[in-house]
Amino acid sequence: DTGVSQDPRHKITKRGQNVTFRCDPISEHNRLYWYRQTLGQGPEFLTYFQNEAQLEKSRLLSDRFSAERPKGSFSTLEIQRTEQGDSAMYLCASSLSGPYNEQFFGPGTRLTVL
Amino acid sequence: AQRVTQPEKLLSVFKGAPVELKCNYSYSGSPELFWYVQYSRQRLQLLLRHISRESIKGFTADLNKGETSFHLKKPFAQEEDSAMYYCAFVSGGSYIPTFGRGTSLIVHP
């Protein structure tokens, strides 16, 4: 296990298309987080899972966004009808349960919407 | 609303000079504070956290509740310290960190 992995690393799509990203967390981590990061900003929380349950969603997560973690292992983040404003780096992180545990981040997926 | 402010987008120093990266937060309760770092072409990683009260790579950070600050300090900067630094905090009862916008530290030889 070499850490959190994300696929693809880069995605270029046309406005209106759907895209799906995948995140594979560290195997023993039961928490998984998705963030979005735009230029000049820190990561902004989107949603998180405890095992397969999606426990919290940010108001940034519009109804065009959906995330799943069906078996409590890998997770997918889908964006439907992409808009140019969706262009950003999408980061995934995982952690153990418990308060204030360190989050381990993946390399991110850079989305460009043309 | 809870917020983290990193007032400097860029901090440029020479090797051997002291470094202080500023972080202020707005929250009325007892937060837990973190510093994350991202070196060039690497992923975001935890540098240090308040609860551990540790020194990592010569960096320390002290929580000042009166000034609501958690500044990151190092007495003698090294070229390998050049990176993006993000301050983050977690409010009581939450597991979700709020990140600042980051400060780019450049250490010149």
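Quick mapping for you: the protein sequence lines, in order, are chains A and B. Quick note, the first sequence lines up with residues 1 to 114 if you use the working numbering. Quick note, the second sequence lines up with residues 1001 to 1109 if you use the working numbering. Backbone N, C-alpha and C fix where the C-beta goes; we use that ideal spot for every residue, glycine too.
Under a three-way DSSP split, which group does residue i fall into?
{"i": "B:Ser1052", "result": "helix"}
{"i": "A:Asp24", "result": "strand"}
{"i": "B:Gln1045", "result": "strand"}
{"i": "A:Glu78", "result": "strand"}
{"i": "B:Glu1079", "result": "helix"}
{"i": "A:Gln6", "result": "strand"}
{"i": "B:Gln1002", "result": "coil"}
{"i": "B:Gln1038", "result": "strand"}
Check whether the Cβ atoms of residue i and residue j lie closer than 9 Å to each other.
{"i": "B:Val1019", "j": "B:Leu1105", "result": "yes"}
{"i": "B:Trp1035", "j": "B:Tyr1085", "result": "yes"}
{"i": "A:Ser58", "j": "A:Thr47", "result": "yes"}
{"i": "A:Val4", "j": "A:Cys92", "result": "yes"}
{"i": "A:Ile9", "j": "A:Pro99", "result": "Per the sequence shown, residue 9 of chain A should be read as Arg rather than Ile. Against a cut-off of 9 Å, the Cβ pair of A:Pro99 and A:Arg9 comes out as no contact."}
{"i": "B:Gly1092", "j": "B:Gly1029", "result": "yes"}
{"i": "B:Pro1097", "j": "A:Phe45", "result": "yes"}
{"i": "B:Phe1076", "j": "B:Pro1031", "result": "no"}
{"i": "A:His29", "j": "A:Leu96", "result": "yes"}
{"i": "B:His1108", "j": "B:Lys1015", "result": "yes"}
In or out: residue i buried (at least 16 other Cβ within 10 Å) or exposed?
{"i": "B:Tyr1039", "result": "exposed"}
{"i": "B:Ser1012", "result": "exposed"}
{"i": "A:Ser94", "result": "buried"}
{"i": "A:Gln131", "result": "Outside the shown range of chain A (1 to 114) lies residue 131 of chain A, about which nothing can therefore be said."}
{"i": "A:Pro25", "result": "buried"}
{"i": "A:Pro43", "result": "buried"}
{"i": "A:Ile12", "result": "exposed"}
Fill in: 3-residue-minimum beta strand (DSSP E) runs that sit fully inside the region 38-63 of chain A, ordered along the chain
44-50, 53-57
Worksheet item: Any residues in the region 37-54 of chain A with a beta carbon nearer than 7 Å to a beta carbon of chain B? Which ones, in chain order?
Response: Gly40, Gln41, Gly42, Pro43, Phe45, Tyr48
Worksheet item: At a Cβ cut of 7 Å, what residues of the region 68-79 of chain A count as close to chain B, listed as they run along the chain?
Response: none
Worksheet item: Looking at chain A, which residues of the region 1078-1104 of chain B have a Cβ within less than 8 Å of any of its Cβ atoms?
Response: Tyr1086, Ala1088, Val1090, Tyr1095, Ile1096, Pro1097, Thr1098, Phe1099, Gly1100, Arg1101, Gly1102
Discussion item. For the region 1040-1054 of chain B, list every residue whose C-beta sits within 8 Å of some C-beta in chain A, in sequence order.
Written reply: Arg1043, Leu1044, Gln1045, Leu1046, Arg1049, Ile1051
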